[in-house]
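In my numbering, the protein residues as written are 9 to 259.
Glycine is no exception: its CB is placed at the ideal position from the N, C-alpha and C atoms.
Just so it is clear, the structure is predicted and the values come from calculations on it, not from any experiment.
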């Protein structure tokens, strides 16, 4: 009889895999600006945020920790630059908005659990799989997970801020394997980024699955990721694990 692989550990990305923002970033920023007497279009803020976030990530990767920044200061700078790009150049007027946004994005109320996430996590644990988080996130993640009722599902939470290693750095995946005392061949990672999640985990010998949503597949994904590794929704995970031979037998 052929040997069936039995997975022992599943590691999870967080944003846009298990959680998402309740409102688009531009709408959140515009709402807080209005509360402080500034009128800025949500669309303009959303576009400006994308530019500011990419520039900040390039200049100060992983919250600028190795360059002397804190993650809080990193995010405050992103907000200031976002408003600057959207035409609001009065940093003194934007500073209290930035402070409020940092607090709001620390709150579970700003986030929502994706459909099927909690049921999938519960069923994985019922099958005897250990679960952990491996996420490019800052120190606020633990409290967000607690507030949303998800923290109890995970043995441990690894963030890029806590470890100093953002995905796809192999060290953050290896640290998860070390903490779980498992070899990469019996571990799998689930996430929505082809580069950071899917390729990052596979580079250290783990299995991986890519959450893609219902839309058309990116050509790179379509050409590079086997169909059985693609998850149109979280409800597809357990059948995919069955196909891999990864679920411990039910009692």
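Mapping DSSP to helix, strand and coil, what is residue 143? Sequence index remark: in the chain shown, residue 143 carries index 135 (1-based). Secondary structure at residue 143: strand, using DSSP grouped into helix, strand and coil.
Residue range of the unbroken beta strand (DSSP E) whose run includes residue 164: As a first step, residue 164 must be located in the chain shown, where it is residue number 156. Residue 164 -> beta strand (DSSP E) spans 164-167.
Helix or strand or just coil, what does DSSP make of residue 216? On the chain shown, position 208 is the one that residue 216 refers to. In this structure, DSSP gives residue 216 an extended state, which the three-state scheme calls strand.
Are the beta-carbon atoms belonging to residue 219 and residue 181 less than 9 Å from one another? The residue you call residue 219 lines up with position 211 of the chain shown. The residue you call residue 181 lines up with position 173 of the chain shown. Taking a C-beta distance under 9 Å as the contact criterion, residue 219 and residue 181 do not qualify as a contact pair.
On the three-state DSSP scale, how would you describe residue 198? Looking up residue 198 in the chain shown gives position 190. The answer is strand: DSSP assigns residue 198 an E or B state.
Taking the continuous beta strand (DSSP E) assigned at residue 28, which residues delimit it? Looking up residue 28 in the chain shown gives position 20. Annotation for residue 28: the continuous beta strand (DSSP E) segment containing it runs 27-29.
Element boundaries [alpha helix (DSSP H), containing residue 59]: The residue you call residue 59 lines up with position 51 of the chain shown. 50-67 is the span of the alpha helix (DSSP H), which, as asked, contains residue 59.
Proximity winner among 63, 128, 45, 36, relative to residue 52 (alpha-carbon distances): The residue labelled residue 52 in the question sits at position 44 within the chain shown. Closest by alpha carbon: 36.
Start-to-end residues for the alpha helix (DSSP H) that takes in residue 86: Mapped onto the chain shown, residue 86 falls at position 78. Going by DSSP, residue 86 is part of the alpha helix (DSSP H) stretching over 79-93.
Measuring only between beta-carbons, confirm whether residue 15 sits less than 9 Å from chain C. Absent from the structure is chain C; it holds one protein chain and no more.
Given 8 Å as the limit, is there contact between the region 66-81 and the region 42-50, that is, 3 or more CB pairs closer than that? The region 66-81 is not in contact with the region 42-50.
Can you grab the Cα-Cα spacing for the pair residue 121 / residue 73, in whole Å? On the chain shown, residue 121 is found 113 positions in, with the first residue counted as 1. On the chain shown, residue 73 is found 65 positions in, with the first residue counted as 1. One C-alpha to the other measures close to 28 Å.
Please state the DSSP three-state secondary structure of residue 40. Walking along the chain shown from the start, residue 40 turns up at place 32. Here residue 40 sits in helix by DSSP.
Going by beta carbon distance, what residues of the same chain come within less than 6 Å of residue 233, once the five residues before and after it are set aside? Here residue 233 corresponds to residue number 225 of the chain shown, with the count starting at 1. Excluding sequence neighbours, residue 233 sits near 218.
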